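Participant: After the structure tokens below, expect a handful of questions from me.
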Amino acid sequence: RVLFRSHQVFNFSDPPDVKNLAVAFYDLGSDFNNQKQFDKSISMNDSAIKYDPNNVLAFNNKCFALLNLSKNKEAIEVCKDAIKIDTNNFTANLNMGCALSNSNEFENALEYLRKAASIDTANLNPYYFMGITYQKMGDKNKANFYYEKAKSNNRVQ
Numbered sequence: 279r280v281l282f283r284s285h286q287v288f289n290f291s292d293p294p295d296v297k298n299l300a301v302a303f304y305d306l307g308s309d310f311n312n313q314k315q316f317d318k319s320i321s322m323n324d325s326a327i328k329y330d331p332n333n334v335l336a337f338n339n340k341c342f343a344l345l346n347l348s349k350n351k352e353a354i355e356v357c358k359d360a361i362k363i364d365t366n367n368f369t370a371n372l373n374m375g376c377a378l379s380n381s382n383e384f385e386n387a388l389e390y391l392r393k394a395a396s397i398d399t400a401n402l403n404p405y406y407f408m409g410i411t412y413q414k415m416g417d418k419n420k421a422n423f424y425y426e427k428a429k430s431n432n433r434v435q
């Protein structure tokens, strides 16, 4: 069997290079996420993690799929694993904040969203999700403040 991915050809009759297999499965997981086939994405990312348990991108991909399936508790566990690998990974912290917010763990969610905002100051997504979190908490003023920050190029101090 031959698998084509990432401009590479993997011939499965040769001894496998596990890092390349992990990349191939991660790429397939990304493709399935883009196609909104989240169960298939989870399966592919599980395979990527099997071959490279330090592949933070595969953990992030899996978390994204779980969030889209509203499997927030599972997403939190996957995010914990990603953050263990890289505590300063923007996507892992953003995903954790979203999963915690979806689980009504608002203060913890805000902590991770603030960390994500500090890791990548050019990315406005953490501010948007802070707005959502404050809205869920019933604080319309703070929600509007962060929504406005998400729409602008100004940074929160």
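Residue numbers for the sequence shown follow this note's numbering, so the first one is 279 and each next one is one higher. Note that the Cβ used here is the ideal one computed from N, Cα and C, for glycine as well. These figures come from a predicted structure and were not determined experimentally.
#1: Does DSSP put residue 381 in a helix, a strand or coil?
#2: With H, G and I counted as helix, E and B as strand and the rest as coil, what does DSSP make of residue 430?
#3: Suppose contacts are defined by Cβ-Cβ distances below 8 Å. Is residue 365 in contact with residue 338 by that definition?
#4: Can you give the Cα-Cα distance for residue 434 and residue 296, rounded to whole angstroms?
#5: Which word fits residue 268, buried or exposed, when buried means at least 16 other C-beta atoms lie within 10 angstroms of its C-beta?
#6: Answer with buried or exposed for residue 430, where buried requires no fewer than 16 other C-beta atoms within 10 angstroms of its C-beta.
#7: Can residue 300 and residue 320 be called in contact, C-beta distance under 8 Å?
#8: Measure the C-alpha to C-alpha separation of residue 305 and residue 361 and round it to an integer number of angstroms.
#9: Roughly how many angstroms separate the alpha carbons of residue 418 and residue 363, rounded to a whole number?
#10: Please state whether the Cβ-Cβ distance between residue 414 and residue 379 is less than 8 Å.
#11: Would you call residue 404 buried or exposed, if buried means 16 or more other Cβ atoms sit within 10 Å of its Cβ?
#12: Assuming residue 357 contacts residue 373 under a Cβ cut-off of 8 Å, what Cβ separation, rounded to an integer in Å, is found between them?
#13: Helix, strand or coil: how does DSSP classify residue 404 here?
Facilitator: Answer, in terms of the structure:
#1: Reduced to three states, the DSSP call for residue 381 is coil.
#2: coil
#3: no
#4: Here residue 434 scores only 48 on pLDDT, less than 50, and its place in the model should not be relied on; the value that follows carries that caveat. Those two C-alpha atoms are separated by around 42 Å.
#5: Any property of residue 268 remains undetermined from this structure, which presents the chain solely from 279 to 435.
#6: With fewer than 16 other Cβ atoms within 10 Å, it is exposed.
#7: no
#8: 21 Å
#9: 35 Å
#10: yes
#11: If you draw a 10 Å sphere on the C-beta of residue 404, you find 16 or more other C-beta atoms in it, and that means buried.
#12: 5 Å
#13: helix
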